[in-house]
Amino acid sequence: MEKRYLAKIIANDNEGLQMISACCAGAEVKISNIKYLKSNKIFLLSIKRPKVETSNINKKVNSICKFDFVDNVKSKNINQNNQELVLKLIAIDFLKNKKNYEINLIFENNAYITLTSEAIEVRLEDQNEIK
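Numbering-wise (this note's numbering), the sequence shown opens with residue 1016 and increments by one.
Dropping the structure here:
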């Protein structure tokens, strides 16, 4: 019997963020599944990602990627009016800018979302496997 392993990764530094980035590489996210809860300073992505941490990379899993302490969100080359549009995530990285962090979500076709945050606090939580 195969153990159903659902990942839960919490990152609060570069190393953790790189791990989440590696797990999310190739993930698909629909525009309607990107939410910024400004009053709570939370940015959420509901993604469909390849299960890269197992030997079976054909398996896909629904996951939530949650960013805390987000003060500002900017996007570039993303048509937010098309709620059905699916973006493909390539990587997540960050730069330190004075006392804030700029976390970049980099998508195919030169599209990206930049989160301005006072801290790196990212959680990747698998919801369920896609059969």
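In this text, a Cβ means the ideal position worked out from N, Cα and C, and glycines have one as well.
Going by DSSP, name the residue or residues bridged to residue i.
i, result
"F1122", "L1104 and A1126"
"S1076", "For the record, residue 1076 in the displayed sequence is Val; it is not Ser. Beta-bridge pairing links V1076 to R1064 and E1144."
"F1058", "Y1051 and F1082"
"I1025", "R1138"
"K1091", "Y1127"
Measure the C-alpha to C-alpha separation of residue i and residue j and round it to an integer number of angstroms.
i, j, result
"F1122", "K1081", "17 Å"
"A1026", "N1097", "31 Å"
"K1103", "S1047", "14 Å"
"V1101", "V1044", "5 Å"
"K1089", "K1074", "32 Å"
"G1041", "K1111", "25 Å"
Can you find the residues in the same chain that come closer than 6 Å, C-beta to C-beta, to residue i, ignoring five residues on each side of it along the sequence?
i, result
"R1138", "I1025 and K1081"
Exposed or buried, what is residue i when buried is set at 16 or more other beta-carbons lying within 10 Å of its beta-carbon?
i, result
"K1146", "exposed"
"S1132", "buried"
Requested in this report: Would you check if the stretch 1104-1120 and the stretch 1033-1047 touch, i.e. whether three or more CB-CB distances between them fall below 8 Å?
Outcome: yes
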